[in-house]
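Residue numbers (numbering that gives the first Met the number 0): 0 to 427. The C-beta atom is built at its ideal place from N, Cα and C for all residues, glycine as well.
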Amino acid sequence: MSETAKITIGSKTVEYPIIQGTEGEKAIDISKLRADTGCITLDNGLMNSGSCKSAITFLDGEKGILRYRGYSIDELAEKAIFREVAYLLIYGELPNKKQFKEFCDRVHKYSSLPEGVYKILDQYPLDAHPMAVASSVLAGLSAFYPQYLKNDLSKEEKDEVMAQIFAQFKLIISYYYRRTKGITERVPTRQDQTYAGDFINMMFHKPGFTIDPEISRALDILLILHADHEQNCSTSTVRVVGSSKANVFAAVSAGIDALWGQLHGGANQAVLEMLEEVRNDGGDVTKAIAKAKDKNSGFRLMGFGHRVYKNFDPRAKIIKVACDTVLGRLGVKDPLLDIAKGMEAAALKDPYFKERSLYPNVDFYSGIIYRALGIPTEMFTAMFALGRIPGWLAQWKEMTEDPMTKIVRPRQIYTGANQRPFIPMDKR
Ligand code: ACO
């Protein structure tokens, strides 16, 4: 007999099935709890609540394991390219040559944006935050492709719209960047390049520009590392919005907004700003560490800690290596890297960080790589989004195909005033 959990509330005991995942993780299915007992569960930050079943990404925060569709992140970072990983996440298997060509051909069809979208992009202030641009333009794309606004898309329509978003997001943020440099020339897609190589070319192309294969490989790896991370804040947002059957542009745009926050993807921008602050303050990392430990300061060590990784973030280890490669290749000596390394070493020795299992996360070193590539700090979170697009699309697709999907509508424990009579204004 499968395992069950008994819950006793007052004199009533109810019994619920325990669901087990393929990696042995367990969940009590409490979907009948309110109907049976009148009680709901309260789980601040949803730290103990599973919101769905998913076959896309497995992570074990205690052991520092991250796998996409069963493949370890280390192996994918070493052997795969980002487009291949995008296919894997979305369709569940690594593509064979034919499948990969079909996928790439579909993606390459979208090597420009509708003319109206370029006009919209041209209207943003030059100092607009790229996440504001990315999110609004992505939502705005839905206005140009009304065929995808209907409720239930066919398999072909989903394939098409996912390839389109995957391709066009790169165009949006590279065009945004070039415009901030006063260049509105549109750089054509380089089909002979990896996704990262094509993106680097779109960003920095000028006469005589060549794409350094080592640099584009390092960026491709970075994108792979960011591609999915199960039910994190932005992915859950994509699923919440998608669960109402809002269109995929709206769902992904909402994910971009969720990613923007400092406690999530916005941390990579915050890390760089923090490192710059430390440098401007004389480079003493102990001050920043002390401030992070002081609960009254309101300051946290950006790029440290993770909701689920309580041992180490496997992505951070790979990124640290990529960081050394990129800086070595470009011959960049970045004092911020030395500060980052000093800060990491000091924090890892400090009982405060040890006791709370706070380790560098994916964002701690990624910003230094972006900076070395010449990508401005404000664009870092948009770079994270560039990598996360396939994950959001895969999760959206999985959700739309799951017969168990319901509109997400949590409950609450009301703590406001009890019923009281209305008092006219002149009597208040
Ligand atoms: N610096 C200092 N103290 C920290 C930090 C930090 N970066 N992170 C957590 N803590 C402390 C908390 O103050 C708390 O201490 P307490 O137990 O004495 O009250 C304890 O560690 C647990 O912290 P919580 O906030 O409860 O942990 P939670 O799982 O909710 O938060 C989070 C995880 C948001 C990532 C947090 O560690 C943080 O704010 N980190 C800095 C921002 C960051 O790097 N975000 C990127 C995350 S990765 C990503 O989204 C891609």
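How would you write the range of the alpha helix (DSSP H) that residue i sits in, first residue to last?
{"i": "Thr7", "result": "From DSSP, Thr7 is part of no alpha helix (DSSP H) but of the beta strand (DSSP E) over Thr3 to Ile8."}
{"i": "Glu24", "result": "Here Glu24 belongs to no alpha helix (DSSP H), and DSSP marks it neither H nor E."}
{"i": "Phe57", "result": "No alpha helix (DSSP H) holds Phe57; the beta strand (DSSP E) holding it covers Thr56 to Asp59."}
{"i": "Ile214", "result": "Pro212 to His225"}
{"i": "Glu229", "result": "Taken as a continuous stretch (DSSP letters only), Glu229 belongs to no alpha helix (DSSP H), as it is neither H nor E."}
{"i": "Tyr364", "result": "Asp362 to Leu372"}
{"i": "Gln411", "result": "Counting along the chain, Gln411 falls outside any alpha helix (DSSP H), and DSSP gives it neither H nor E."}
{"i": "Thr399", "result": "Phe379 to Glu400"}
{"i": "Arg314", "result": "Pro313 to Leu329"}
{"i": "Pro428", "result": "Only positions 0 to 427 of the chain appear in the structure, and residue 428 is not among them; the question remains open."}
{"i": "Ile404", "result": "Note that residue 404 corresponds to Thr in the displayed sequence, not to Ile. No alpha helix (DSSP H) holds Thr404; DSSP gives it neither H nor E."}
{"i": "Val132", "result": "Pro129 to Phe143"}
{"i": "Asp256", "result": "Val247 to Trp259"}
{"i": "Glu272", "result": "Ala266 to Asn279"}
{"i": "Ala291", "result": "Val284 to Lys292"}
{"i": "Leu262", "result": "No alpha helix (DSSP H) contains Leu262, which DSSP labels as neither H nor E."}
{"i": "Arg177", "result": "Lys154 to Thr179"}
{"i": "Tyr86", "result": "Phe81 to Tyr90"}
{"i": "Lys118", "result": "Glu114 to Gln122"}
{"i": "Arg33", "result": "Leu32 to Thr36"}
Can you tell me which of the options puts its alpha carbon nearest to the alpha carbon of residue i?
{"i": "Glu258", "options": "Thr399, Thr380, Asn47 and Pro402", "result": "In the sequence under discussion, the amino acid at residue 258 is Leu, which differs from the Glu named in the question. That would be Thr380, whose Cα lies nearest to the Cα of Leu258."}
{"i": "Met403", "options": "Ser30, Ala4 and Val132", "result": "Ser30"}
{"i": "Pro187", "options": "Lys180, Ala166, Gly181 and Thr179", "result": "Ala166"}
{"i": "Asn231", "options": "Arg328, Lys405 and Thr56", "result": "Thr56"}
{"i": "Arg408", "options": "Ala291, Ala249, Arg238 and Arg419", "result": "Arg238"}
{"i": "Ala344", "options": "Val284, Asn295 and Met382", "result": "Val284"}
{"i": "Arg177", "options": "Ser215, Pro375 and Gln394", "result": "Pro375"}
{"i": "Tyr67", "options": "Gly91, Gly265 and Pro359", "result": "Gly91"}
{"i": "Ala162", "options": "Arg216, Pro212, Ile80 and Phe248", "result": "Phe248"}
{"i": "Ile64", "options": "Arg314, Gly366, Asp337 and Arg328", "result": "Arg314"}
{"i": "Ile388", "options": "Glu61, Asp28, Tyr86 and Ala339", "result": "Tyr86"}
{"i": "Asn310", "options": "His204, Asp280 and Leu347", "result": "Leu347"}
{"i": "Asp280", "options": "Val331, Thr40, Asp158 and Ile338", "result": "Ile338"}
{"i": "Ala34", "options": "Asn417, Met202, Asp401 and Tyr15", "result": "Tyr15"}
{"i": "Leu271", "options": "Ile210, Asp256 and Met342", "result": "Met342"}
{"i": "Cys103", "options": "Met202, Met46, Ile164 and Lys180", "result": "Ile164"}
{"i": "His128", "options": "Lys340, Val307, Asp256 and Thr399", "result": "Asp256"}
Measuring straight from C-alpha to C-alpha, what distance separates residue i and residue j?
{"i": "Asp59", "j": "Met424", "result": "57 Å"}
{"i": "Phe363", "j": "Leu326", "result": "15 Å"}
{"i": "Pro510", "j": "Thr183", "result": "This structure gives no information on residue 510, because the portion of the chain shown stretches from 0 to 427."}
{"i": "Leu357", "j": "Arg185", "result": "43 Å"}
{"i": "Gly390", "j": "Thr234", "result": "8 Å"}
{"i": "Ser141", "j": "Gln122", "result": "18 Å"}
{"i": "Pro420", "j": "Tyr413", "result": "19 Å"}
{"i": "Tyr153", "j": "Asp333", "result": "The question names Tyr, yet the displayed sequence has Ser at residue 153. In a straight line, the C-alpha of Ser153 is about 50 Å away from that of Asp333."}
{"i": "Cys51", "j": "Pro94", "result": "26 Å"}
{"i": "Gly260", "j": "Leu125", "result": "21 Å"}
{"i": "Gln98", "j": "Ser296", "result": "53 Å"}
{"i": "Tyr109", "j": "Arg82", "result": "15 Å"}
{"i": "Gln411", "j": "Thr36", "result": "16 Å"}
{"i": "Asp191", "j": "Tyr351", "result": "49 Å"}
{"i": "Thr236", "j": "Ser242", "result": "10 Å"}
{"i": "Arg370", "j": "Thr12", "result": "58 Å"}
{"i": "Ala54", "j": "Asp158", "result": "19 Å"}
{"i": "Met46", "j": "Glu229", "result": "13 Å"}
Would you call residue i buried or exposed, if buried means 16 or more other Cβ atoms sit within 10 Å of its Cβ?
{"i": "Asp312", "result": "buried"}
{"i": "Asp197", "result": "buried"}
{"i": "Asp227", "result": "buried"}
{"i": "Lys25", "result": "exposed"}
{"i": "Val277", "result": "buried"}
{"i": "Lys396", "result": "buried"}
{"i": "Ile72", "result": "buried"}
{"i": "Gly207", "result": "exposed"}
{"i": "Gly254", "result": "buried"}
{"i": "Gln394", "result": "buried"}
Whose C-beta lies closer than 8 Å to the C-beta of residue i among residues of the same chain, with five residues either side of it excluded?
{"i": "Ala76", "result": "Ile220, Ile223, Leu224 and Ile317"}
{"i": "Ile171", "result": "Leu112, Val116, Leu120, Val132, Ala133, Val136 and Leu137"}
{"i": "Thr193", "result": "Ile80, Phe81, Arg82, Ser215, Arg216 and Asp219"}
Quick one: is the Cβ of residue i within less than 6 Å of any heavy atom of ligand 2?
{"i": "Arg299", "result": "As presented, the structure is devoid of ligand 2, carrying ligand 1 as its sole ligands."}
Report all residues from its chain with a CB closer than 7 Å to the CB of residue i; omit the five preceding and five following residues, and keep chain order.
{"i": "Ala131", "result": "none"}
{"i": "Cys38", "result": "Ile8 and Leu32"}
{"i": "Asp349", "result": "Ile288"}
{"i": "Arg189", "result": "Gly196, Asp197 and Asn200"}
{"i": "Gly304", "result": "Leu357 and Asn360"}
Taking 6 Å as the limit between beta carbons, can you name the residues of its chain near residue i, skipping five residues before and five after?
{"i": "Leu148", "result": "Asn246"}
{"i": "Ser252", "result": "Ser134, Leu137 and Ala138"}
{"i": "Gln268", "result": "Thr376, Phe379 and Thr380"}
{"i": "Glu22", "result": "Phe57"}
{"i": "Lys118", "result": "none"}
Would you kindly report the start and end of the unbroken beta strand (DSSP E) that includes residue i?
{"i": "Tyr67", "result": "Ile64 to Tyr67"}
{"i": "Ile18", "result": "Lys11 to Gln19"}
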